[in-house]
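Have a look at the structure below, then the notes.
In the UniProt record's numbering, the protein residues as written are 1 to 761.
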């Protein structure tokens with residue numbers, strides 16, 4: 001029997017029909033909220049009872065189809081609806097957005113506008129999400145215009161969506177201006193604004209927004225604090241602790257996400273003790289928290305602890321994810337342990353993550369930093385299906401670090417040729433390559449490209465530009481970049497000060513402190529260490545002592561690089577007791593600390609104390625490096641401790657596993673030559689594993705002059721001049737040797753040859 005609408009109308013009265021309508025609406029609403037597809041059975045009853053044109057029921061059914069049966073059936077139902085209102089169109093647009101079909105969402109929105117329906121705030125909110133996902137800023141601006149036209153610019157939901165769109169694609173000024181129009185910005189809009197300035201790297205502005213939020217009585221939520229903790233990691237430990245205190249005061253529940261954010265923030269600020277304390281506040285730990293702990297250990301150079309945490313995580317049955325493997329691979333890269341990196345790589349393959357992009361990038365970085373050649377990293381890169389900007393950046397950095405800066409520049413061209421655009425880190429990396437080769441022309445070309453790509457707003461890029469220009473001697477250009485920068489930090493000025501110091505322009509380097517104070521840029525540990533280094537070359541100690549006072553007042557004295565610079569500063573000025581005192585204040589001296597102490601002691605004639613410091617260093621469990629042994633050999637040479645110096649030289653390879661370099665052989669030759677053991681010195685020169693350079697010939701020639709060995713001196717001068725015929729030191733030393741040996745005629749002839757060679761060249 002076929003039921004027609006007319007038949008149903010005769011059987012069911014208006015009142016009963018209304019009850020059916022109400023019952024159907026409740027059923028569909030219930031099924032919508034519980035995502036139960038069973039509610040769709042009402043559809044046939046709705047049709048049979050003649051309710052197919054009922055707007056509210058149809059809109060609810062459309063929502064149910066979209067949630068439970070997919071977009072295709074939802075679209076089919078939508079197209080069959082006899083009437084559509086703004087809710088119908090918004091429901092279809094929202095369904096597309098929810099399923100990441102953003103282009104279809106835009107198409108549906110266009111059809112809605114064409115049909116004459118006026119979008120409401122919910123329609124605009126959904127379509128702005130699609131604009132944000134597709135990067136359609138211009139389309140978003142059109143939507144913004146429609147929002148203003150309809151008087152909805154003060155709507156909090158739309159304000160948040162627009163702020164997110166503008167800030168996500170670098171229009172922070174528009175986002176900030178828009179925020180001012182949002183009525184009584186709620187937690188979401190204010191958190192979105194904080195997020196936008198965080199993404200732009202404006203840490204202080206993020207804190208200002210947070211302070212305004214508290215002042216206006218708007219309660220932050222967990223997402224607000226998660227973003228703020230990203231900021232505080234860059235602004236320092238005090239900031240983190242204040243944010244943490246606010247969380248406790250406001251009663252914010254410490255869930256796993258917040259706990260992980262806190263661990264990350266404390267780790268960035270080198271406060272691993274606080275990070276571990278937070279991680280133990282609640283028993284819950286997931287793979288993300290373990291990854292944060294492992295990364296924290298690695299960031300604080302606690303590589304053994306990072307490996308132990310990784311092992312403990314596996315013992316507890318928590319499977320590492322791609323980020324965990326990336327963190328432990330980064331740890332192996334930082335400690336330059338190829339063996340550990342290869343072990344982790346085998347685990348990656350076993351876990352089936354060898355094709356994961358982030359893991360592959362970490363493997364490339366590990367190879368580039370640990371392997372003696374670039375081939376292993378290059379092989380992994382070539383095996384990747386779609387290398388991204390991070391892959392290319394790791395490769396470029398690897399080539400630069402292996403002394404192949406020209407190849408790095410070529411890789412940048414190859415990267416652009418395949419359509420991968422460099423990001424701020426790529427550009428800063430390639431600028432470091434320009435700095436290595438001191439190429440002003442390449443720096444100028446890159447600067448032009450950076451301006452063209454509008455990448456000159458990135459702080460990290462501008463800092464790299466300052467360093468590249470200063471590194472190639474173009475100080476005026478470096479200052480020009482600084483003056484045009486909207487934002488500066490301690491690195492900006494430290495880079496310039498370091499380069500000026502390297503050029504011997506120490507007073508100019510110290511004058512940068514004035515510019516930092518003028519721009520309200522606070523010194524960090526690295527900048528203070530750089531200024532201490534610059535003060536060493538001055539005639540008076542006043543500047544260094546003032547910097548020492550500042551380090552105490554600012555709390556930067558606990559920074560390892562500052563402590564080491566203070567030891568070095570006092571040692572080089574002959575203030576041995578002050579150097580000892582500065583060293584004693586270091587809680588856990590590293591190899592640089594010990595080297596600075598030994599250097600200061602040896603420089604001021606405290607030979608036995610310097611060698612005692614070397615033994616104390618080994619007893620303290622600090623492994624000597626190549627610089628340590630260079631200092632030991634120089635100390636033995638100055639103290640006339642020849643046999644002890646020879647013994648230390650051989651212990652480099654036999655006990656410490658360090659291969660002596662050219663400087664060590666030069667010191668050994670000097671050590672033997674000073675006491676007249678010229679044959680032994682010559683044997684060292686003849687048997688060393690690489691070709692001698694002018695410095696070692698010059699060193700032995702000096703010893704020949706001291707001990708009057710003319711034949712050997714002549715041989716050393718001849719060999720040295722074969723390498724560098726224009727070096728006047730060989731002529732002068734040989735001439736002095738002839739004079740001291742009673743052969744003034746040969747001495748004068750040698751000086752004449754030197755003058756002639758100088759005229760020819």
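From the three backbone atoms N, C-alpha and C, an ideal C-beta is built for every residue, glycine too.
For residue i, which residues in the same chain have their Cβ closer than 7 Å to its Cβ, ignoring the five residues on either side in sequence?
i	result
residue 35	Any reading at residue 35 must be qualified, since the residue scores a pLDDT of 48, below 50, and its modelled position is unreliable; the value itself is stated next. Same-chain partners within the cutoff: 67, 68.
residue 298	306, 327, 330, 331, 334
residue 617	594, 624
residue 751	731, 735
residue 661	626
residue 263	275, 278, 279, 289, 292, 293, 296
residue 533	501, 565
Would you kindly work out how many angstroms separate the C-alpha atoms of residue i and residue j, rounded to a whole number?
i	j	result
residue 583	residue 478	35 Å
residue 377	residue 344	15 Å
residue 408	residue 435	12 Å
residue 818	residue 460	This structure leaves residue 818 out entirely; the chain is present only between 1 and 761.
residue 695	residue 665	10 Å
residue 215	residue 269	27 Å
residue 438	residue 697	29 Å
residue 32	residue 89	Its pLDDT being 49, under 50, residue 32 is placed unreliably in this model, and the value from its coordinates should be taken loosely. Between residue 32 and residue 89, the C-alpha separation is close to 18 Å.
residue 257	residue 283	14 Å
residue 443	residue 431	7 Å
residue 518	residue 254	40 Å
residue 558	residue 227	28 Å
residue 692	residue 433	28 Å
residue 48	residue 82	Confidence at residue 48 is low in this model, with a pLDDT of 47, below 50, so its placement is unreliable and the value that follows should be read with caution. Those two C-alpha atoms are separated by around 15 Å.
residue 615	residue 598	11 Å
residue 485	residue 243	29 Å
residue 390	residue 382	14 Å
residue 361	residue 87	46 Å
residue 99	residue 224	26 Å
residue 310	residue 586	30 Å
residue 114	residue 108	10 Å
residue 340	residue 78	58 Å
Leaving aside the five residues before and after residue i along the sequence, list all residues of the same chain whose C-beta is less than 8 Å from its C-beta, in chain order.
i	result
residue 401	368, 369
residue 124	143, 146, 147, 152, 158, 161
residue 74	62, 65, 66, 92, 95
residue 744	738
residue 359	322, 325, 326, 329, 348, 353
residue 136	106, 130
residue 653	659, 660
Is residue i helix, strand or coil when you go by DSSP?
i	result
residue 327	helix
residue 667	helix
residue 743	coil
residue 504	coil
residue 311	helix
residue 128	helix
residue 81	coil
residue 217	coil
residue 150	coil
residue 229	helix
residue 246	helix
residue 692	coil
Within its chain, find whatever has a CB closer than 6 Å to the CB of residue i; leave out the 5 residues flanking it on each side and keep chain order.
i	result
residue 556	525, 528, 562
residue 723	694
residue 574	604
residue 288	260
residue 398	368, 374, 377
residue 672	680, 681
residue 530	494, 497, 498
In chain order, what are the residue ranges of uninterrupted alpha helix (DSSP H) at least 4 long that sit wholly in the stretch 368-431? 375-382, 389-401, 405-417
Uninterrupted beta strand (DSSP E) stretches inside the stretch 515-593 (no shorter than 3 residues): none
Does the stretch 594-604 come close enough to the stretch 634-648 that 3 or more CB-CB pairs lie under 8 Å? yes
In chain order, each alpha helix (DSSP H) run of at least 4 residues that lies wholly inside the stretch 258-296: 272-279
Touch test, the stretch 665-685 against the stretch 650-657, Cβ-Cβ under 8 Å, three pairs minimum: no
Taking three-plus beta-carbon pairs below 8 Å as touching, is the stretch 405-421 in contact with the stretch 352-369? no
As an exercise, report each continuous alpha helix (DSSP H) stretch of at least 4 residues that is fully enclosed by the UniProt repeat "PPR" (590-624), in chain order. 591-603, 607-619
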